[in-house]
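Colleague: In our numbering, the protein residues as written are 3 to 571.
In this text, a Cβ means the ideal position worked out from N, Cα and C, and glycines have one as well.
First, the structure itself, so that you have it in front of you.
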Amino acid sequence: MEDGDLQCHEIITLQVGNYANYVGAHFFNLQNPERNGDSEINPHVLWRQVSARQNHPRWSPRLITFDLKNNYFRTTQFESTSDPSNSLEEVSKGVLWDGSIQTFDQRGSFEASPQENNKESGNEKDKDRREQGGTLGAAKSSEINRVRGQVKNWVDFTQWRLHSPETSKFSVGNFSHNPTLGTLSNYGQGLQIFKSMEETVTDTIRRYAEDADYFQGFHILADQQDGFGGIASGILEHISDEYDKKTSFTFGLSSPTVAGGKEQFPDLMLRLLNSSLSWNSFSLHSSVFSSIGLSKNLFQSNPEPVVLPHVTYDPSSSLESSSVLAAALDTLTSPYRMKEPKISLPEIVSLLNAYGHKMAVIGMAFPFSLFNETTLFDTLRVDGLNGLRSLTPGVQLNLEKNIGNFFVPRGFRPQQVIQRRQDGRAEGLQEQQGRGITNAESCLEVYSQETFPKSVNVVRSVQTPFKLSHPFPVLFDHKVLESLKISGSRAPSIVGESWEVPTIGSAHNSPAAGETLQRLIDVLDGRGKNFLRGGSILSENLDMEFDDYQESLNNLKVLRDAYLPDSTL
3 MEDGDLQCHE
13 IITLQVGNYA
23 NYVGAHFFNL
33 QNPERNGDSE
43 INPHVLWRQV
53 SARQNHPRWS
63 PRLITFDLKN
73 NYFRTTQFES
83 TSDPSNSLEE
93 VSKGVLWDGS
103 IQTFDQRGSF
113 EASPQENNKE
123 SGNEKDKDRR
133 EQGGTLGAAK
143 SSEINRVRGQ
153 VKNWVDFTQW
163 RLHSPETSKF
173 SVGNFSHNPT
183 LGTLSNYGQG
193 LQIFKSMEET
203 VTDTIRRYAE
213 DADYFQGFHI
223 LADQQDGFGG
233 IASGILEHIS
243 DEYDKKTSFT
253 FGLSSPTVAG
263 GKEQFPDLML
273 RLLNSSLSWN
283 SFSLHSSVFS
293 SIGLSKNLFQ
303 SNPEPVVLPH
313 VTYDPSSSLE
323 SSSVLAAALD
333 TLTSPYRMKE
343 PKISLPEIVS
353 LLNAYGHKMA
363 VIGMAFPFSL
373 FNETTLFDTL
383 RVDGLNGLRS
393 LTPGVQLNLE
403 KNIGNFFVPR
413 GFRPQQVIQR
423 RQDGRAEGLQ
433 EQQGRGITNA
443 ESCLEVYSQE
453 TFPKSVNVVR
463 SVQTPFKLSH
473 PFPVLFDHKV
483 LESLKISGSR
493 APSIVGESWE
503 VPTIGSAHNS
513 PAAGETLQRL
523 IDVLDGRGKN
533 FLRGGSILSE
543 NLDMEFDDYQ
553 ESLNNLKVLR
563 DAYLPDSTL
C-alpha cells in the first residue's frame with residue numbers, strides 16, 4: 003500500500019515557548035521522513051508532503067511555533083545529514099523556514115537581545131550522582147562537549163523545515179530570556195500577547211485544519227511556568243470552542259533547572275502561580291493534559307533534577323534534558339501514528355481522562371534494560387517494570403493503584419521477548435507460549451493483567467525501534483550500550499552513525515495526579531496567602547485580578563476532588 007492510499011488521521015502540533023521548541027525540535031528530528039525512509043509509521047499524521055525533488059519527497063511538519071524573536075535565528079552552522087538547503091547560506095538570514103515572520107510586542111516593555119546561554123550549571127552536589135548507572139552532570143567526551151558548544155538554541159539542531167504559504171511561526175518581540183533584561187515571565191502577559199495576535203493565530207489553525215482530510219486533533223507542547231502558559235491558554239480556549247469535537251492532548255513542559263541557577267521565594271511563587279493558572283486552563287480546555295519534566299518536585303525552590311537509570315545528562319543543558327522528553331513523546335504517540343493504527347488518539351484519551359481525571363501521568367523506560375542476554379519475559383518476571391520512571395514531576399509511579407495504564411513497548415526483536423534455548427530445554431518457552439506470549443505486546447499484556455488486575459491495561463507495541471542518530475545527544479556510555487545488548491557498536495557522535503534502543507513509554511490515569519494537585523493547592527493556600535495578600539502581586543506581576551486567580555484555584559480544587567476515592571465509585 004502506498005502512503006498516498008492511506009486514510010490518514012492528521013494531527014496539528016503547536017509548540018509554545020522556548021523549552022517546548024527544544025522538545026519539539028528533537029521530536030520531529032526523530033520522525034523526519036526524509037531521513038528515516040519507509041517504516042510502519044505513517045508520516046502523514048504529523049507531516050505533510052510539500053514537494054518532490056528528483057523523486058525524493060519533501061516533508062514539512064503540521065506545526066505552528068511560538069517563541070521569542072531572537073530564538074528563531076541560527077547562531078552556528080551545525081553538522082547535518084539533511085538536505086544542503088538547511089545551510090546558513092540557503093536559509094535566509096538564518097531563519098529556518100520559508101513563511102513570513104509575525105512579531106508581536108507586549109507594550110514595548112523590554113528590549114530584545116541576542117539569545118544567550120540561559121541555563122547556568124546546577125549545584126555541584128548534583129554532579130556525578132548515580133542511580134543504576136544513571137548520572138547527573140556534564141558529559142566527559144570532548145566530542146559531546148563540542149556538539150553541546152555548537153548548540154545555542156533549538157533552531158541550531160533542527161533537521162526539518164517549515165514550508166508553508168501561511169504564517170507558521172509566531173515571534174514574540176521585546177522580551178528576552180536574559181534575566182538581567184527581563185523575561186516573558188508571567189501568565190497574564192502571555193494572555194495579553196495572545197489577544198494581540200489572536201486573529202492571525204486562529205486563521206492559521208483554520209488553514210491547517212482545512213488542509214487535513216481526516217483531521218483527528220491537536221498536540222500542544224507548552225512551557226507551563228512562564229508567560230508562554232498564557233499564550234497556550236488562549237490557543238486552547240479557541241481550540242475548545244471551535245474544534246470541540248476534536249481531541250487535544252496538552253503537555254505542560256518544565257526545564258529541570260531554573261534560569262540563573264538560584265531561585266528566591268518571590269520567583270518560586272511566581273512560577274507556581276503561572277503553573278496553577280496554566281494547569282487550570284489546560285484542564286478546562288484540553289481533552290487531557292500532563293505535566294512533564296525532569297524535576298523531582300516543582301513546588302520547591304531550585305528543584306532537584308531526577309536521575310534516570312542508565313542515562314547521563316546535564317540538567318543545565320536544554321539540548322540534553324529536552325531530548326529525553328522528546329524520546330518519551332515519540333514512543334508514546336507512535337501507536338496512533340502507524341500506517342495501520344492499533345489505537346486512535348481519542349481512544350487513548352478516553353482511558354486517561356475517565357472519571358473526569360484530566361491530568362495524566364507520563365512514564366518512560368529509556369532504554370529498557372535487558373542485561374545478560376535475558377528476555378523481556380524474564381526481566382518482567384524478576385524485576386517487573388522497575389526501570390519505568392515517572393516524567394511527571396513529583397509523581398511516583400504506583401501502577402497497581404492506577405485506574406488505567408497505557409504501555410507502548412517499542413523496538414523489541416523477537417529473540418528479546420521469549421527465550422529460545424539452544425540446549426533443548428523448553429520449559430520456559432512452553433510456559434510463555436502456553437500463556438499466549440509471542441511478542442512484546444502479548445508479553446506485556448499478560449504481565450500487566452496478572453500484576454495490575456484492578457486496572458484497565460492497554461498495550462500497543464511498535465516494531466520500529468527507537469533509532470538515535472546525530473544530532474540527538476549521546477546519553478548512554480558505550481559500556482551501557484554493550485551491556486544492554488543494544489544494536490550498534492558506537493554512539494552516534496558524528497554524522498552518519500546511528501543505533502537502536504528498546505524502550506517502553508507509558509501514560510496513566512492515576513490517583514497520584516490528585517496528590518500532586520493537592521500539593522500545589524497546599525502551597526498556594528498556605529505560604530502563598532501571605533504572598534498574595536491584598537492581590538497586589540497579581541495586578542503588578544500577573545496582569546490579572548485576584549478574583550480571576552481565585553476562580554482558577556477553585557477549579558483546580560474541583561479537579562483534585564475528582565481523584566478522591568469516593569468520586570470513582
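On a CA-only basis, which of ILE523, PHE548 and GLY528 is nearest VAL560? Give me that one, please.
Modeller: It is ILE523 whose Cα lies nearest to the Cα of VAL560.
Colleague: Whole angstroms is fine: what's the gap from GLN552's alpha carbon to SER289's?
Modeller: 23 Å
Colleague: Of the residues GLN33, ALA330 and MET340, which one's Cα is nearest the Cα of LEU393?
Modeller: ALA330
Colleague: If you compare alpha carbons, which of THR453, VAL419 and CYS10 is closest to SER444?
Modeller: VAL419
Colleague: Going by DSSP in three states, SER235 sits in which element: helix, strand or coil?
Modeller: In the three-state DSSP reduction, SER235 falls in the helix class (H, G or I).
Colleague: Using only CA atoms, which one of LEU446, LEU223, ASP40 and PHE284 lies nearest to ASP332?
Modeller: LEU223
Colleague: Quick check on DSSP: helix, strand or coil for GLY389?
Modeller: Coil at GLY389, not helix or strand.
Colleague: Kindly list the residues whose CB is nearer than 8 Å to the CB of SER41, restricted to its own chain and excluding five residues on each side of it in sequence; keep chain order.
Modeller: Only THR466 meet the Cβ criterion.
Colleague: ASN60 bridges to which residues according to DSSP?
Modeller: This sequence places Arg at residue 60; Asn is not what is there. SER53, per the DSSP bridge assignment.
Colleague: Tell me the rounded alpha-carbon separation between TYR189 and GLN152.
Modeller: 32 Å
Colleague: Could you give the DSSP three-state label for VAL410: helix, strand or coil?
Modeller: It is a strand residue.
Colleague: Within the continuous beta strand (DSSP E) that includes ALA367, where are the two ends?
Modeller: Residues 363-367.
Colleague: Measuring CB to CB, does ALA509 end up less than 8 Å from PHE408?
Modeller: yes
Colleague: Is it the case that the Cβ atoms of ASN511 and ILE350 are separated by a distance below 8 Å?
Modeller: no
Colleague: Out of VAL363, PHE414 and GLY389, point me to the one whose CA is closest to GLY396's CA.
Modeller: Answer by Cα proximity: VAL363.
Colleague: How many angstroms separate the CA atom of GLY229 from the CA atom of PHE196?
Modeller: Rounded to whole angstroms, GLY229 and PHE196 show a C-alpha spacing of 10 Å.
Colleague: Considering ILE405, what are the terminal residues of the alpha helix (DSSP H) in which it resides?
Modeller: In the DSSP assignment, ILE405 falls outside any alpha helix (DSSP H) and carries neither an H nor an E.
Colleague: What residues in its chain sit with their C-beta under 6 Å from that of LYS248, if we drop five residues either side in the sequence?
Modeller: GLY219
Colleague: Can you name the start and end residues of the beta strand (DSSP E) that THR15 belongs to?
Modeller: 13-18
Colleague: Note down the Cα distance separating LEU382 from TYR449, rounded to an integer number of angstroms.
Modeller: 7 Å
Colleague: Where does the unbroken beta strand (DSSP E) through THR505 begin, and where does it stop?
Modeller: 505-511
Colleague: Could you compute how far the alpha carbon of PRO45 sits from the alpha carbon of PHE68?
Modeller: 23 Å
Colleague: Any chance the CB of LEU378 is under 7 Å from a heavy atom of the ligand FMN?
Modeller: Summarising the ligand content, the structure contains no ligands, and the ligand FMN is consequently not present.
Colleague: Figure out for me which residue from GLU201, THR252, ARG273 and PHE251 has the closest Cα to the Cα of VAL260.
Modeller: ARG273
Colleague: What's the gap between the Cα of ASN441 and the Cα of GLY389?
Modeller: Roughly 20 Å separates the two Cα atoms.
Colleague: By Cβ distance, which residues of its chain are closer than 8 Å to SER285, with the 5 residues on each side in sequence left out?
Modeller: Apart from the 5 residues on each side of it in sequence, SER285 sits with its Cβ closer than 8 Å to the Cβ of PHE291, LYS360, MET361, ASN557, LEU558 and LEU561 in its chain, given in chain order.
Colleague: Whose C-beta lies closer than 8 Å to the C-beta of GLN2 among residues of the same chain, with five residues either side of it excluded?
Modeller: This structure leaves residue 2 out entirely; the chain is present only between 3 and 571.
Colleague: Report the residue from ILE66, GLU265, ARG163 and PRO311 whose alpha carbon sits nearest the alpha carbon of SER365.
Modeller: Ser is not the amino acid found at residue 365; the sequence shown has Gly there. Comparing Cα-Cα distances from GLY365 to each of ILE66, GLU265, ARG163 and PRO311, the minimum goes to PRO311.
Colleague: Measuring straight from C-alpha to C-alpha, what distance separates ASN459 and GLU447?
Modeller: 7 Å
Colleague: Can you give the Cα-Cα distance for LEU334 and SER303, rounded to whole angstroms?
Modeller: Spanning the two alpha carbons is a distance of roughly 30 Å.
Colleague: Measuring alpha carbon to alpha carbon, tell me which residue in GLU201, PRO268 and ASN73 is nearest GLY175.
Modeller: ASN73
Colleague: Using alpha carbons as the reference points, say which of TRP156, ARG60, GLY39 and PRO337 lies closest to PHE75.
Modeller: TRP156
Colleague: Grab the span of the alpha helix (DSSP H) containing ASN557 for me, first residue to last.
Modeller: Taken as a continuous stretch (DSSP letters only), the alpha helix (DSSP H) holding ASN557 covers 548-563.
Colleague: Would you check if the distance between the CB atom of MET340 and the CB atom of ILE43 is smaller than 8 Å?
Modeller: yes
Colleague: If we call anything under 8 Å between Cβ atoms a contact, is ARG208 one with SER62?
Modeller: In this structure, SER62 does not lie closer than 8 Å to ARG208 by Cβ.
Colleague: Give every residue of the same chain whose Cβ lies closer than 8 Å to the Cβ of LYS298, excluding the five residues on either side of it in the sequence, and list them in chain order.
Modeller: PRO305, GLU306, PRO307, VAL308, PRO395 and GLY396, listed in sequence order.
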